[in-house]
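Shown next, in C-alpha cells, is the structure this report addresses.
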Amino acid sequence: MKKVKELFYSTELRMVISLLMALILLKLLVSDEFLEWPLELKAGLVVLFLLTALLNASYMEKRGKIFNENSNLAQYLSILAFSSLTIYAFFRAYVVSEFYQFVFALVVGVISFILTGLLIWGLKYINKGRK
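Right under this line is the structure:
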C-alpha cells in the first residue's frame with residue numbers, strides 16, 4: 001500500500017497525468033463539435049485548459065531535475081514521439097480518401113521518419129562520445 005501511495009504522490013505521475021489531460025483538452029478545443037457547444041461549456045473548457053497549462057509549467061522545474069539525472073531520457077522520449085507520429089502519419093495516408101490529405105500525411109510521415117532516424121543516429125554518437 002505504501003508503494004501505491006508513493007506512486008500516487010510522485011511528481012512524474014502527476015506530470016504525465018497533467019500532460020495527458022492537456023492533450024485531451026486540446027483535442028476537444030480543436031474539434032468541430034466545440035463550436036456547437038454552449039458558451040458556458042466553452043469558457044469552462046478554456047479555463048480548464050489554461051489551468052492545466054499552468055500546472056504543466058509548474059512541473060517544468062521538477063522535470064528539469066529528472067532529465068538532468070538521466071540525460072538520454074529526453075532523447076529516448078523524442079524518438080518515441082517521432083516514431084509514433086511516423087506510424088500515425090503513414091496509417092493516416094493509407095486510410096484517407098482525399099488527395100490533399102494523403103499528400104499532407106505522407107509529407108508528415110516522411111519528415112517524422114527522417115527525424116526519428118536522425119535522433120537514433122545522434123543517440124549512437126552521444127553514447128560513443130561518453131565512452
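Taken in order, the sequence shown gives residues 1 to 131; the numbers are from this note's numbering.
For every residue, glycine included, the Cβ atom is placed at its ideal position computed from N, Cα and C.
Given the structure is predicted, the values throughout are model-derived calculations rather than measurements.
- Annotated as proximal: Ser-112 and Leu-85, with beta-carbon spacing under 7 angstroms.
- Ala-93 is not a Cβ neighbour of Thr-52, given a cutoff of 7 angstroms.
- With at least 16 other beta carbons inside 10 angstroms of its own, Gly-109 counts as buried.
- Taking every protein chain shown into account, the CB of Phe-82 has 16 or more other CB atoms within 10 angstroms, so this residue is buried.
- Taking 7 angstroms as the cut-off, the Cβ atoms of Phe-49 and Leu-25 count as close.
- Here DSSP, grouped into helix, strand and coil, assigns Glu-98 to coil.
- The beta carbon of Ala-105 lies closer than 8 angstroms to those of Ala-89, Phe-90, Arg-92, Ala-93, Val-96 in the same chain, with the five residues before and after it left out.
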